[in-house]
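K.L.:
Residue numbers (my numbering), protein chains in the order written: chain A, 4 to 747; chain B, 60 to 260.
Here a beta-carbon is modelled for each residue, glycine too, at the ideal position from N, C-alpha and C.
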Amino acid sequence: MKSNNNTIFWEDERVDGADKVNGKAKYAAEHSLPNMAYAVFVTSTIAKGSIKNLDTSKALAMPGVLDVIYYANCPSVPGYISNAAERPKNAIEWRGHKVLHDNKVRFFGQPIALVVADSFENANAAIRFVKAEYAPESFETNFDKARLDAKNLKTNSNYKRGTEKKFKEAFAFVESEFNIPIEVHNAMELFATIAHWEGEDKVTLYDKTQGPKSTQFTVSRTFGIPDKNVRVIAENVGGAFGSGLRSWANVPAACIAAKKLNRPVKLVLTRPQMFSLVGYRPQSWQKVGIGADAAGNFTGISHEAITNTSRYEDFREGIVDVSKFLYACENVDTKYNLLPLDLSTPVWMRGPGEASGCFALESAIDELSYKLKMDPIELRLKNYTTINPENKLPFSDINLKDCYAYGINKIGWKNRPAVPGSLKENGWLIGYGMAVGIFGAGKGSASVRIVLSNDGKLLLECGVSDMGPGTTTAMTILASEAMHMPIQKIKFKLGDSDLPPGPSQGGSGTTSTVGSAVDLACKTLQQKLKEIAIKSAPVFAGMNAEALEVKNEMVISKSDANTKIDIVALLKLANQDKIDLTITSNGKNAAQLKFTSNSFSAHFVKLGVNPKDGTVKILQVVTTGDAGKIISPKTARSQMLGGVVGGIGMVLSEKLEIDHKTGQIINASFGGYHVPLHSQIPPTDVWFVNKPDPNINDIGAKGIGEIALIGFAAAITNAVYNATGKRVRDLPITPEKLGFKTKA
Amino acid sequence: MKPCFQQDGRRSFLKKSTSLVALYLTPSVFIKAFAVDTIVPTPIAKEKLTITINGKLLKLEIDARTTLLNLLREDLAFTGTKKGCEMGQCGACTVHINGKRAKSCMQLALTHQNNKITTIEGLGDGEKLHPMQVAFIKHDAFQCGYCTSGQIMSAVACVREGNAKSRASIQTYMDTNICRCGAYQNIVDAIAEVAKTGAKI
Numbered sequence: 004m005k006s007n008n009n010t011i012f013w014e015d016e017r018v019d020g021a022d023k024v025n026g027k028a029k030y031a032a033e034h035s036l037p038n039m040a041y042a043v044f045v046t047s048t049i050a051k052g053s054i055k056n057l058d059t060s061k062a063l064a065m066p067g068v069l070d071v072i073y074y075a076n077c078p079s080v081p082g083y084i085s086n087a088a089e090r091p092k093n094a095i096e097w098r099g100h101k102v103l104h105d106n107k108v109r110f111f112g113q114p115i116a117l118v119v120a121d122s123f124e125n126a127n128a129a130i131r132f133v134k135a136e137y138a139p140e141s142f143e144t145n146f147d148k149a150r151l152d153a154k155n156l157k158t159n160s161n162y163k164r165g166t167e168k169k170f171k172e173a174f175a176f177v178e179s180e181f182n183i184p185i186e187v188h189n190a191m192e193l194f195a196t197i198a199h200w201e202g203e204d205k206v207t208l209y210d211k212t213q214g215p216k217s218t219q220f221t222v223s224r225t226f227g228i229p230d231k232n233v234r235v236i237a238e239n240v241g242g243a244f245g246s247g248l249r250s251w252a253n254v255p256a257a258c259i260a261a262k263k264l265n266r267p268v269k270l271v272l273t274r275p276q277m278f279s280l281v282g283y284r285p286q287s288w289q290k291v292g293i294g295a296d297a298a299g300n301f302t303g304i305s306h307e308a309i310t311n312t313s314r315y316e317d318f319r320e321g322i323v324d325v326s327k328f329l330y331a332c333e334n335v336d337t338k339y340n341l342l343p344l345d346l347s348t349p350v351w352m353r354g355p356g357e358a359s360g361c362f363a364l365e366s367a368i369d370e371l372s373y374k375l376k377m378d379p380i381e382l383r384l385k386n387y388t389t390i391n392p393e394n395k396l397p398f399s400d401i402n403l404k405d406c407y408a409y410g411i412n413k414i415g416w417k418n419r420p421a422v423p424g425s426l427k428e429n430g431w432l433i434g435y436g437m438a439v440g441i442f443g444a445g446k447g448s449a450s451v452r453i454v455l456s457n458d459g460k461l462l463l464e465c466g467v468s469d470m471g472p473g474t475t476t477a478m479t480i481l482a483s484e485a486m487h488m489p490i491q492k493i494k495f496k497l498g499d500s501d502l503p504p505g506p507s508q509g510g511s512g513t514t515s516t517v518g519s520a521v522d523l524a525c526k527t528l529q530q531k532l533k534e535i536a537i538k539s540a541p542v543f544a545g546m547n548a549e550a551l552e553v554k555n556e557m558v559i560s561k562s563d564a565n566t567k568i569d570i571v572a573l574l575k576l577a578n579q580d581k582i583d584l585t586i587t588s589n590g591k592n593a594a595q596l597k598f599t600s601n602s603f604s605a606h607f608v609k610l611g612v613n614p615k616d617g618t619v620k621i622l623q624v625v626t627t628g629d630a631g632k633i634i635s636p637k638t639a640r641s642q643m644l645g646g647v648v649g650g651i652g653m654v655l656s657e658k659l660e661i662d663h664k665t666g667q668i669i670n671a672s673f674g675g676y677h678v679p680l681h682s683q684i685p686p687t688d689v690w691f692v693n694k695p696d697p698n699i700n701d702i703g704a705k706g707i708g709e710i711a712l713i714g715f716a717a718a719i720t721n722a723v724y725n726a727t728g729k730r731v732r733d734l735p736i737t738p739e740k741l742g743f744k745t746k747a
Numbered sequence: 060m061k062p063c064f065q066q067d068g069r070r071s072f073l074k075k076s077t078s079l080v081a082l083y084l085t086p087s088v089f090i091k092a093f094a095v096d097t098i099v100p101t102p103i104a105k106e107k108l109t110i111t112i113n114g115k116l117l118k119l120e121i122d123a124r125t126t127l128l129n130l131l132r133e134d135l136a137f138t139g140t141k142k143g144c145e146m147g148q149c150g151a152c153t154v155h156i157n158g159k160r161a162k163s164c165m166q167l168a169l170t171h172q173n174n175k176i177t178t179i180e181g182l183g184d185g186e187k188l189h190p191m192q193v194a195f196i197k198h199d200a201f202q203c204g205y206c207t208s209g210q211i212m213s214a215v216a217c218v219r220e221g222n223a224k225s226r227a228s229i230q231t232y233m234d235t236n237i238c239r240c241g242a243y244q245n246i247v248d249a250i251a252e253v254a255k256t257g258a259k260i
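Structural data, given as structure tokens:
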């Protein structure tokens, strides 16, 4: 048990830790329902065209097969009707690929049929016997080729302040192009949906989602049924990193099959399907120009970007936005175009566009620092701003300078060689690099139910999800601090759309949004307790609520600590078995809207490059976050560690490979798509400014999920340049890009 | 191919299961070459399996194609063992077979007649957590928790194998298990701490 000022809590570990280490925590696919059937997708083997004929007869004859659902026998889905006039009023058209709906193929690996059987083995054995006859059409999956023809591009958004391309007139400038391949979230848990129709218009789903409420909305509108008739349960989510921010084909397909067969259906994607059916970080090309005067003041920044999307949906993200407001600069222009390809639709992947954008911007700044012969941190400090130059509002709080100071000291920045390629340790070329990350810090609305029972236990509920960052823990800690109650007596429940509405977990907004609601709920409960005390407990008769406080599970007079009543005794005295309140906390108030809020990070890397073969070994990482008050230090640290691991993958190994002759992904497994492993992870030091942001919300906390990753890629490539004098602008870094030939 | 298997012998099973598995795992492009279409309507026989799971002897009748992973998760509700790739690449499904770690997605359940399987549910002593489970909580060696069962089963094996003598060795012998949330440093901290106690685990 620890004591921290007047806060008491027992331990700082995850409140749901025990269930995660003993296997009791249940994820979407781990629920079992009576008479449940198993479904497996059959996927297309062409990239584009139509299906002339689909022979399901052999699959239907396989043991245990109940049905093969495809365009010709798929029941009508209200949300699949394109014509609004024909669509039922309460239905909204499904966004994206309408699975099992028509005979069109839009990307390689698209689901074209769903085999449903009485066991997983029977379903899986039958998929190969579904035979499709295609009428293929020409397609394009090659981003690098297609982006060169302006006809292929869709203008998305342009921005300008001051003079365009001003950087070219500067004392010193750089203009460079950057390429990031498609990266795939690849959360460890496979996407899965169990759908169970409990009535004609009532369905329960166990689903892997970052937003039980958003999935509820999607399903209710797709099937044209009332929201309250859709229940989405996602009590544990095995990672998602953005891929769970929308519903994919598995959701409607499981619902369709369960309805058609009138029995619960479980549909689990395979690992290869995780590469093409649940989104990815889009491929990007960027060009950044940046110029500075002799003193290092930025005179102009130009940032252009192209990212891919699918043919059937536009997906855009904040790739060029970071250049608009991270540094003081009067002349900024950005251009952002989309390139539709015959692939599935991308989606936000951790750090989303800002991670791609910061890679380019922070690399370009590093390049410029060498031209100016200036320390890159000094250059950043020269252009430091406390006012957002895009919207002219002050940052609600910014302490990046503290992050720099910590990182400089901890990584040993003084040992960084001024001349690239000039430092060796144990035969390895040594380099130091750093880069900065920034991401918006929002506060939305959320509702929380708070229940204090007369056994002294406190229950809080919100329909948000926890895909791993530790929301359950952070919210429990917040309630413990607000209520001055031990953590053990508090339970925070989430992951169920039946709970009061909360946001999807994403965009680094959960702690700020749900945390504010938890804080407000606790304060409201305390007020209620004070009122009950004044009304029911004779010792408080005639007193004012302001003269009381709720602390250590008691209502106490502020002026006389001996005038007090235990809250359990109080409820009994008032003859109440519980206090049950549901409160809603709204977005930023007028005072908070006078500021612009962001979280910031600064990452520092020391690495070695083997001069014989170009192997990059990261030796040490210091990662620092400026995200207001850190609510749950242990889980927050873990999130930052996770960002470092994600960043290492982004820079050193992750790349989706597509065979452009067939449009097929050729490395759709962990054997071909390399995510970081244990032995690639260097000793990592995590540090937070940990100072409440006074202008964002009442709890002073901002998000860290994105800033943990944003900027990290450039910290590595900048260090590689420092070590070798070779600038890698195309991720991932491979020995060839450092001038080494790979062995044949 | 005959419709079902009458004998229980491991040898005869293996003989038959080999062709069955070959069919099951054969890429669809080769199916035609093997003229597999002709055996399509063959009913799948239930096979007898005697196996001990977490100390409990079970006598089962199972689909011959069932992997140990699917037997645990789908048939026996031991969902603590996770499915991450079904290709032996991620380690989420790691269990102990006769005390040694193995990826349960790569094992046909029927090849484990009379074997003793330990899953994450059977690692601790009843409700009491195993020291490795305690260390994982203490060091926050997970985020989403999905790879955790496999990490812990591998971690216990790593210590028992004598491969947890240094951080570098732990990392190498834990490269079998992917953690996409990136809890690696904390996982190594947890394993190193348990190994340092020298206790028999």
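Between which two residues does the alpha helix (DSSP H) harbouring residue 216 of chain B extend?
P.N.:
Here residue 216 of chain B refers to the residue found at position 157 of the second sequence. Its alpha helix (DSSP H) spans residues 207–219.
K.L.:
I'd like to confirm the pairing. Which residues does DSSP put opposite residue 437 of chain A in its beta bridges?
P.N.:
Within the first sequence, numbered from 1, the residue matching residue 437 of chain A stands at position 434. According to DSSP, which records beta bridges pairwise, residue 437 of chain A is partnered with A:607.
K.L.:
Using 9 Å as the limit for Cβ to Cβ distance, is residue 623 of chain A near chain B?
P.N.:
Locating residue 623 of chain A in the first sequence gives position 620, where the first residue counts as 1. No, because no Cβ of chain B sits closer than 9 Å to the Cβ of residue 623 of chain A.
K.L.:
In this structure, how does DSSP classify residue 135 of chain A when only helix, strand and coil are distinguished?
P.N.:
Position 132 of the first sequence, counted from the first residue, corresponds to residue 135 of chain A. Here residue 135 of chain A sits in strand by DSSP.
K.L.:
Closer than 8 Å between beta carbons: that is the criterion. Which residues of the stretch 232–258 of chain B meet it against chain A?
P.N.:
When C-beta distances to chain A are compared with 8 Å, the residues of the stretch 232–258 of chain B below that value are 233, 234, 236, 237, 238, 239, 240, 241, 242, 243, 244, 245, 246, 247, in chain order.
K.L.:
Using a Cβ-Cβ cutoff of 8 Å, what residues of the stretch 629–663 of chain A are near chain B? List them in chain order.
P.N.:
637, 638, 640, 641, 642, 644, 645, 646, 647, 648, 649
K.L.:
Does DSSP put residue 697 of chain A in a helix, in a strand, or in coil?
P.N.:
Within the first sequence, the letter at position 694 stands for residue 697 of chain A. Correct three-state label for residue 697 of chain A: coil.
K.L.:
Measuring straight from C-alpha to C-alpha, what distance separates residue 80 of chain B and residue 124 of chain B?
P.N.:
Working through the second sequence from its first residue, we reach residue 80 of chain B at position 21. Working through the second sequence from its first residue, we reach residue 124 of chain B at position 65. Any answer about residue 80 of chain B is weak, because its pLDDT of 46 lies below 50 and its placement is not dependable; what the coordinates show is given next. So the two alpha carbons sit approximately 7 Å from each other.
K.L.:
Could you run through the stretch 108–141 of chain B and flag, in chain order, every residue whose CB is less than 8 Å away from some CB of chain A?
P.N.:
122, 124, 125, 129, 132, 133, 136, 137, 138, 139, 140, 141
K.L.:
So, helix, strand or coil for residue 598 of chain A, using DSSP?
P.N.:
Translated into the one-based positions of the first sequence, residue 598 of chain A becomes position 595. Coil, per DSSP.
K.L.:
What's the C-alpha gap between residue 164 of chain A and residue 358 of chain A?
P.N.:
Locating residue 164 of chain A in the first sequence gives position 161, counting from the first residue. Locating residue 358 of chain A in the first sequence gives position 355, counting from the first residue. Rounded to the nearest angstrom, the two C-alpha atoms are 23 Å apart.
K.L.:
How would you label residue 126 of chain A, buried or exposed, when you count the other beta carbons within 10 angstroms and need 16 or more for buried?
P.N.:
The residue labelled residue 126 of chain A in the question sits at position 123 within the first sequence. So residue 126 of chain A ends up on the buried side.
K.L.:
Distance check for residue 253 of chain B and residue 578 of chain A, CA to CA, integer angstroms please.
P.N.:
Numbered from 1 along the first sequence, position 575 holds the residue referred to as residue 578 of chain A. Numbered from 1 along the second sequence, position 194 holds the residue referred to as residue 253 of chain B. Distance between the alpha carbons of residue 578 of chain A and residue 253 of chain B: 51 Å.
K.L.:
For the stretch 661–693 of chain A, which residues have a CB atom closer than 7 Å to at least one CB atom of chain B, in sequence order?
P.N.:
672, 673, 674, 678, 680, 681, 682, 684, 687
K.L.:
Going by the beta-carbon positions, is the gap between residue 312 of chain A and residue 322 of chain A smaller than 9 Å?
P.N.:
Position 309 of the first sequence holds residue 312 of chain A. Position 319 of the first sequence holds residue 322 of chain A. Not closer than 9 Å, so no.
K.L.:
Can you pull the chain B neighbours of residue 470 of chain A, defined as C-beta to C-beta under 7 Å?
P.N.:
Here residue 470 of chain A refers to the residue found at position 467 when the first sequence is read from its first residue. Correct list: 203.
K.L.:
Cβ closer than 9 Å: which chain A residues qualify as neighbours of residue 230 of chain B?
P.N.:
For the purposes of this step, residue 230 of chain B is taken as the residue at position 171 of the second sequence. Counting only Cβ-Cβ distances below 9 Å, residue 230 of chain B has contacts in chain A at 680, 681, 682, 683, 684, in chain order.
K.L.:
Looking at the structure shown, is residue 739 of chain A part of a helix, part of a strand, or coil, going by DSSP?
P.N.:
Here residue 739 of chain A refers to the residue found at position 736 of the first sequence. Residue 739 of chain A: helix per DSSP, three-state reduction.
K.L.:
What whole-angstrom Cβ distance do residue 40 of chain A and residue 209 of chain A have, given they're in contact under 8 Å?
P.N.:
Counting from 1 along the first sequence, the entry for residue 40 of chain A is found at position 37. Counting from 1 along the first sequence, the entry for residue 209 of chain A is found at position 206. Not really, about 14 Å apart at Cβ, beyond 8 Å.
K.L.:
Would you call the stretch 559–567 of chain A in contact with the stretch 604–619 of chain A, where contact means no fewer than 3 C-beta pairs closer than 8 Å?
P.N.:
no
K.L.:
For a minimum of 3 consecutive residues, which ranges assigned as the beta strand (DSSP E) are wholly contained in the stretch 315–352 of chain A?
P.N.:
You should have 335–344.
K.L.:
List the residues of chain A that residue 208 of chain B touches, going by C-beta distances under 9 Å, in chain order.
P.N.:
Residue mapping note: residue 208 of chain B aligns to position 149 of the second sequence, counting from 1. In chain order: 23, 24, 25, 26.
K.L.:
Measure how close the beta-carbons of residue 468 of chain A and residue 212 of chain A come, nearest whole angstrom, since I'm counting them as under 8 Å.
P.N.:
Here residue 468 of chain A is taken as the residue at index 465 of the first sequence, counted from 1. Here residue 212 of chain A is taken as the residue at index 209 of the first sequence, counted from 1. Right, the Cβ-Cβ distance comes to about 7 Å (below 8 Å), so this counts as a contact.
K.L.:
Mind listing the chain A neighbours of residue 146 of chain B? Cutoff is C-beta to C-beta under 8 Å, in chain order.
P.N.:
Within the second sequence, residue 146 of chain B is the residue found at index 87, counting from 1. Chain A residues near residue 146 of chain B: 274, 672, 673, 674.
K.L.:
Helix, strand or coil, according to DSSP, for residue 221 of chain A in the structure here?
P.N.:
If you number the first sequence from 1, residue 221 of chain A lands on position 218. If DSSP states are grouped into helix, strand and coil, residue 221 of chain A belongs with the helices.
K.L.:
Flag residue 17 of chain A as yes if its beta-carbon sits less than 9 Å from any beta-carbon of chain B, otherwise no.
P.N.:
On the first sequence, residue 17 of chain A is found 14 positions in, with the first residue counted as 1. Chain B contact via Cβ: present.
K.L.:
Curious, which full-length alpha helix (DSSP H) runs of at least 4 residues does the stretch 96–179 of chain B contain?
P.N.:
none
K.L.:
Kindly indicate which residue of A:700, A:559, A:723, A:379 has the alpha-carbon position closest to the one of residue 423 of chain A.
P.N.:
Indexing the first sequence from 1 puts residue 423 of chain A at position 420. Selected option, being the one with the closest Cα: A:723.
K.L.:
In terms of residue numbering, what span does the beta strand (DSSP E) encompassing residue 715 of chain A cover?
P.N.:
As a working mapping, residue 715 of chain A is identified with position 712 in the first sequence. Where residue 715 of chain A is concerned, there is no enclosing beta strand (DSSP E), although the alpha helix (DSSP H) it sits in stretches over 715–727.
K.L.:
Taking Cβ to Cβ, would you say residue 584 of chain A is nearer than 9 Å to residue 527 of chain A?
P.N.:
Mapped onto the first sequence, residue 584 of chain A falls at position 581. Mapped onto the first sequence, residue 527 of chain A falls at position 524. Yes.
K.L.:
Check whether the stretch 491–507 of chain A touches the stretch 530–550 of chain A, counting contact only when three or more Cβ pairs, one atom from each stretch, lie closer than 8 Å.
P.N.:
no
K.L.:
Counting C-beta neighbours from all protein chains within 10 Å, is the total for residue 594 of chain A 16 or more, i.e. buried, or is it exposed?
P.N.:
For the purposes of this step, residue 594 of chain A is identified with residue 591 of the first sequence, where counting begins at 1. Result: exposed.
K.L.:
Counting only the same chain and skipping the five closest in sequence on each side, list residues whose C-beta sits under 7 Å from that of residue 56 of chain A.
P.N.:
Stepping through the first sequence from its first residue, residue 56 of chain A is reached at position 53. 136, listed in sequence order.
K.L.:
Can you pull the chain A residues whose beta carbon is under 7 Å from the beta carbon of residue 39 of chain B, in chain order?
P.N.:
Any answer about residue 39 of chain B is impossible in this case: the structure gives chain B only from 60 up to 260.
K.L.:
What do you reckon, is the C-beta of residue 225 of chain B under 8 Å from a heavy atom of the ligand NAD?
P.N.:
Questions concerning the ligand NAD fall outside what the structure shown contains, since it holds no ligand whatsoever.
K.L.:
Residue 729 of chain A to residue 43 of chain A, Cα distance in whole Å?
P.N.:
The residue labelled residue 729 of chain A in the question sits at position 726 within the first sequence. The residue labelled residue 43 of chain A in the question sits at position 40 within the first sequence. If I take the Cα positions, the gap works out to 47 Å.
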